[in-house]
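J.:
Chains as they are written, first to last, in the numbering used here: chain A, 1 to 146; chain B, 1 to 931.
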């Protein structure tokens, strides 16, 4: 069964947009300077990129089967719900590990304060010492990058 | 039927004393005696028929596939042994009542004794070799219990262990012999085996069979060089010694020789091994008996010596020798049992068994002394006593052989020497204990025992005299019947007489008596001579051998099972390379006619990613987390490949399995050390690389060879029958729950067992929790991030919905209980991760073991349900129904089965993951056990 031209345009646009986001996401993952910015890229690929392709697929199959194809919709919803959560967790882990961030990151002071409070909440004296040393190391490392 | 009762009664009787243990001791003894007395009466009822030469049989099937039946027979030999076992057994029961002290548990003693009696009866009555062997081992076990009855004493324990080891090992040899006989003759039935003597003797395995049987018999009968266990078994209470070492345990070996006599005897090999072993044992036992200061030690060695005598007679191979052997079995049982009992009385009433202290007891216990002296005289072979008769027959038989050619005279000469020694030690028993001055520093003043304690001894001594004076009247018929059974045909007409005229055997007897007196009178010189030898304790040697065997075993185990996973893998993989590679060498055309599927870009990319994932896993194996990521890439590509090659069920399964596996591995990684040192030496790396390369090559070849061959498999049948037979269009699921439902049932059972096993292991596991990560950072204080918690909680119903959907459609479309179970598990595990155990505990307090069990139960019951309709196990049923609002739908019994699978999978997965996860919290399973 052939698609009407307007639908073909629509499906193609969705697919191209989706692929474009996926490409940009991958490119960004390779090129962006620090963890936090790199985290930004693939989340776009999973949400917008995959979302675009899925919408294209939903349109196509709804027309083909004369039935509303809601599989894709469900997948999109699940993706939209879960992708931010994993991104959030990754970001939290990075902050806990005090990964170096790009110069000029907003709220840098806040980040450090949080890292410090974590250390203080730690009960063990020895570990505390070690931790602050590591913290110091990582700050110097971040300076080097910048 | 009577035969069954005879053997059954003592087994039932073994329980009586346990129940009667609270009664007074005399009542306990009487109650115990009921069963063997009844059995004895039954035996005596059968006796007239057996004495006429009949063989009574009883048999019923046991395990026909193994050739095992419950079969009993009663012929002359069996009758003789039954009378000895039951008769002397009854006397022992009476005797033990007075021998055991208040502190000893009567019930326990009697029940061991009855167990032993039942085992002995089983041996002699068995009409099936395997059944005989079962009872044979039972005597080893029950004698272990009896010898170690005073388990507080180390000699008791060590002696019992030695007896068990030696006789048990001999029993295993016997089993080998029996199985070989079964291979040769094709049956285990004693009647048929006895009838096929020629067949066995001519078989090339004859030597092996003979040696195995002899090892069994010689260990049991304490023949040289296995004689060492018997003296150490004297640590047992004296009634046990009197029973085991006069009439029963050690006679079991003799019985075996006699029973197998028609089959195994009659060859040169039999003569050489059996008669020379017997001769060596005879001399050795007699010699050492002379030097024992312990009363029971003397009797023990004399028992060894007499057993050697009987063995030698059986070895000589002539018919008269067999008759003499049977006769001596009777005589030895009577005089040795009475001597042991007398020794027990002396020990009991004077507090010592040391012949250097025991002197002149005739003044303190004249009655016992007379009884003991008569029995000892019989042992020495003095005329008018039964010992004399059989010993004279023995001397006569040693003269009637020419098996050593011109050196044959050595045998009667050595027999006379043994006779001299036996007179000497008997004389020592009499003179040293009852005469020879005054007792030296005994713990108590000796006195006569209670009246009833002497009765068993009196009965036996009376028998000695009766047999000695009128042998034909007392035992003539029995001896004839028993000897006929041994020889396998009618025994020669035996003329047992006290006076045969002045002949060579009589001369030998006279020499023996005179020589014995001379040897005993010169005993001081003999002791001095013997004192020059170093005293060797068989116990120490034995312990040393056992210990070195244990050490050797440990070394072998350590070599094979050294705890190195690499080594196990190396062994396994090398085996695969050798076997698989060899098979590959013979597989000629690798490629066959089947056309390969055309290659396309997507498949290539997938394969490339798969390879990269695999390589990354191996490359970063020191950085475990990274390696794990590589592994997950492999898993994902595999599931995509399944989806691509139209196996959506497998893809779904693989995907959910992958998730569960990765979570499991992450949990495990948490407990592993986070840094792994570089351990492999370069040569090791090369070895590992070549082995894994070879394996990869072989597996690839096998895969390629299989994939390129046109296969007509069973799948066509499944495709054709899945809808009509199983009522589902999803063939995979129909196979799982219907066609191969029994396999699935087995698999979920195994899964459940594995899960419970893991749970059980975790219970005892103490893992050290890393307090910080690899560079010393502490864990984040925020354990359960709010966003994750909220989102996962709201996802739970959706995930459960999905799993219900997958479950319900499983029969006709991709899905099913297994996948649904995994999805549910993943959803619940996510809750554990997002909220922690505390949160889950208050909301979902499921006992996962019960979930697993109910899953397996539901599946099994579904299978059993088909029995209700008269169908075979696991027959499935389906039909279509209509409900308003919902419409047409199908119901199948397979769905219930699938529910079982679902529950088992959910339970097992959660049992493993949740409990491993709990290890990081205060809810670790360990706590439960400490409560």
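We treat Cβ as the ideally placed atom computed from N, Cα and C, and that holds for glycine. All values derive from a computational prediction rather than experimental measurement.
Does chain A have any CB closer than 8 Å to the CB of residue 664(B)?
T.: no
J.: Go through the region 43–99 of chain A residue by residue and report every complete run of the beta strand (DSSP E) that reaches 3 residues or more, in order.
T.: none
J.: Nearest to residue 624(B) by CA position, among 659(B), 597(B), 667(B), 582(B), is which residue?
T.: 667(B)
J.: Under 8 Å, Cβ to Cβ, is there at least one residue of chain A near residue 872(B)?
T.: no
J.: When DSSP builds the beta bridges, which residues end up paired with residue 294(B)?
T.: 354(B)
J.: Along chain B, which residues have their Cβ under 7 Å away from the Cβ of residue 85(A)?
T.: Listed along chain B, the residues sitting closer than 7 Å to residue 85(A) by beta-carbon distance are 787, 788, 791.
J.: With a threshold of 7 Å on Cβ separation, who are the neighbours of residue 163(B) within its own chain once the five nearest residues in sequence on each side are excluded?
T.: 143, 144, 147, 229, 233
J.: For the pair the region 550–562 of chain B and the region 457–465 of chain B, tell me if three or more CB-CB distances fall below 8 Å.
T.: No: the two stretches stay apart, fewer than three of their Cβ pairs being nearer than 8 Å.
J.: Assign residue 617(B) to one of three DSSP states: helix, strand, or coil.
T.: Residue 617(B): helix per DSSP, three-state reduction.
J.: Is there at least one Cβ from chain B nearer than 8 Å to residue 92(A)'s Cβ?
T.: yes
J.: Give the straight-line distance between the Cα atoms of residue 125(B) and residue 44(B), rounded to the nearest whole angstrom.
T.: 15 Å
J.: Determine, using beta carbons only, whether residue 148(B) comes closer than 8 Å to chain A.
T.: no
J.: Could you spell out where the alpha helix (DSSP H) holding residue 242(B) opens and where it closes?
T.: 238–242
J.: Do the region 726–736 of chain B and the region 809–826 of chain B meet, that is, are 3 or more Cβ pairs less than 8 Å apart?
T.: yes
J.: Indicate the three-state DSSP secondary structure (helix, strand or coil) for residue 20(B) in the structure shown.
T.: helix
J.: For residue 89(A), return the contacting residues in chain B, with the cut-off set at a CB-CB distance below 7 Å.
T.: Within chain B, the residues near residue 89(A) are 785, 788.
J.: Quick test of the definition: if touching needs 3 or more C-beta pairs under 8 Å, does the region 321–336 of chain B touch the region 407–418 of chain B?
T.: no
J.: CA-CA distance, residue 530(B) and residue 282(B)?
T.: One Cα belongs to residue 530(B), the other to residue 282(B), and the distance between them is close to 18 Å.
J.: Helix, strand or coil, according to DSSP, for residue 14(B) in the structure here?
T.: In this structure, residue 14(B) counts as coil in the three-state DSSP scheme.
J.: DSSP state of residue 714(B), grouped into three classes?
T.: Note: residue 714(B) maps to coil in three-state DSSP.
J.: Using a Cβ-Cβ distance under 8 Å, would residue 940(B) count as near chain A?
T.: Here chain B has residues from 1 to 931 only, and residue 940(B) is not among them.
J.: Just list the alpha helix (DSSP H) runs in the region 413–494 of chain B, keeping only unbroken ones of 4 residues or longer that don't cross its boundaries, in chain order.
T.: 451–469, 471–487
J.: Whole angstroms is fine: what's the gap from residue 144(A)'s alpha carbon to residue 43(A)'s?
T.: Legend: pLDDT at residue 144(A) = 35, less than 50; position of this residue unreliable, no value from coordinates given.
J.: For residue 890(B), name the three-state secondary structure that DSSP assigns.
T.: strand
J.: Comparing the C-beta of residue 75(A) with each C-beta of chain D, is any distance below 8 Å?
T.: Absent from the structure is chain D; the protein chains it does hold are A and B.
J.: With a threshold of 8 Å between beta-carbons, can residue 777(B) be considered close to chain A, or not?
T.: yes
J.: When the Cα atoms are used, what is the spatial distance from residue 720(B) to residue 844(B)?
T.: 44 Å
J.: Buried or exposed, going by whether 16 or more other CB atoms sit within 10 Å of the CB of residue 27(A)?
T.: exposed
J.: Leaving out five residues before and five after residue 132(B) in sequence, what residues of the same chain have Cβ atoms less than 7 Å from its Cβ?
T.: 123, 126
J.: Per DSSP, what kind of secondary structure is residue 132(A) in: helix, strand or coil?
T.: Residue confidence is low: residue 132(A) scores 42 on pLDDT, short of 50, so the model does not pin down where it sits. No coordinate-derived value is stated.
J.: How many Å lie between residue 932(B) and residue 708(B) at the Cα?
T.: This structure cannot settle anything about residue 932(B), because the visible part of chain B is limited to 1 through 931.
J.: Near residue 175(B), which residues of its chain fall below 6 Å by C-beta distance, leaving aside the five closest residues on each side in sequence?
T.: 133
J.: Using a Cβ-Cβ cut-off of less than 8 Å, give me the residues of the region 50–72 of chain A that come near chain B, in sequence order.
T.: none
J.: Going straight from the alpha carbon of residue 932(B) to that of residue 217(B), what length do you get?
T.: Nothing about residue 932(B) can be reported from this structure: the residues present for chain B run from 1 to 931 only.
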